[in-house]
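What follows is a set of notes on a single structure, which appears directly below.
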Amino acid sequence: EPEVTQTPSHQVTQMGQEVILRCVPISNHLYFYWYRQILGQKVEFLVSFYNNEISEKSEIFDDQFSVERPDGSNFTLKIRSTKLEDSAMYFCASSVFFGTGNTEAFFGQGTRLTVV
Amino acid sequence: DAKTTQPNSMESNEEEPVHLPCNHSTISGTDYIHWYRQLPSQGPEYVIHGLTSNVNNRMASLAIAEDRKSSTLILHRATLRDAAVYYCILRDPPLSGAGSYQLTFGKGTKLSVIP
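Residue numbers (our numbering), protein chains in the order written: chain L, 102 to 217; chain A, -9 to 105.
And the structure:
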C-alpha cells in the first residue's frame, strides 16, 4: 500500500541551527501538508502546498519556516533558525485532491525534532 | 471550522463493538464529517468520512444523525490495535467558498481496549 515516508525519524539540533525535514508524498498526490504536534498537545496545521506554491498557512508558519518541492518526489520543510519551542513531532501529509470534503489525507510517521 | 465535541476517553473490551460519539451542533450544509485516529507514537490515520448518509468501509462504520448534528464512529469488533486517539473533524472544503484545506484536530477521544 502506498505511504508517505518521512526522514529522518528523529533529528536533534542546536538552537539557532537550520534544519530540513524531508518527506516523500504518495506518488500521484497533488496536495501536500505539514502539521506539527508538540508533546502532549493537539496536532496543528502548518501549511498546505499545491502546484508549487503555498495555498494556505497558519499563524505558526512564520518567516522562519519555508517549504519546497525541489524535485518530482520530495517535499521539504525548512526551519531557518530553530528555537527550543520548535521541538515537536512534524507530520507530512498528502492527498490526491482536497478541494472538496470528499477526499482524505494520508500522513507520514513523523519526524521528532528536538532542539537543544 | 465548526466545532466538534467528543468524550475525552472511552474503554472497550476486546472483540466487542465500540461506539464513539461526536457532537457537531453548528455543522453547516457543506461540512463533511471526517474521522481520523492516531495510534501511539504514529501519525494520524484516516478512518472514514461522510456527508449525510451512513458509510461503511473495511475499518469502521459512520452513522450520521438525520439532522447531522451528531455522528457515531462504530468499530464492530475492537482489537488491541484499535487503541488510539480518535478525532472527529468537520471539513469545510475550499470549493464551497470560505473553506480551508486544513484539518483542524481537537483533543479527540482516547480509546483504551481491555484484553
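Each residue gets a CB set at the ideal place from its N, CA and C atoms; glycine is no exception. Small disclaimer: the values here were computed from a predicted structure and weren't measured.
- Note on geometry: alpha-carbon atoms of glutamine 165/L and proline 7/A lie some 46 Å from one another.
- For glutamine 210/L, the chain A residues whose Cβ falls inside 9 Å of its Cβ are Ser31, Gln32, Gly33, in order along the chain.
- If you draw a straight line from the Cα of valine 125/L to the Cα of isoleucine 155/L, it comes to about 17 Å.
- Ile180/L is the residue among Glu157/L, Ile161/L, Ile180/L, Asn175/L whose C-alpha sits nearest the C-alpha of serine 167/L.
- In terms of CA proximity to valine 120/L, Pro109/L leads the group His130/L, Pro109/L, Phe199/L, Asn129/L.
- Within 7 Å of the CB of alanine 206/L, the CB atoms of chain A belong to Tyr36, Leu93, in sequence order along the chain.
- Burial state of histidine 24/A is buried, judged by a 10 Å Cβ sphere holding 16 or more other Cβ atoms.
- Ranked by how close their Cα comes to the Cα of arginine 71/A, the residues Thr62/A, Gly40/A, Glu5/A have Glu5/A in first place.
- A direct Cα-Cα distance of roughly 37 Å separates aspartate 82/A from glutamine 118/L.
- Residue pairing by DSSP places leucine 147/L opposite no residue, since no beta bridge is assigned to it.
- Between the region 7 to 19 of chain A and the region 137 to 145 of chain L there are fewer than three inter-stretch CB-CB distances shorter than 8 Å, so the stretches are not counted as touching.
- Looking from the CA of asparagine 3/A, the closest CA among Cys78/A, Ser60/A, Ser90/A, His66/A belongs to His66/A.
- Shown here, leucine 70/A sits in a helix according to DSSP, grouped into three states.
- Residue environment: leucine 29/A is assigned as exposed (fewer than 16 neighbouring CB atoms within 10 Å of its CB, all protein chains considered).
- For glycine 40/A, DSSP records a beta bridge to Ile23/A.
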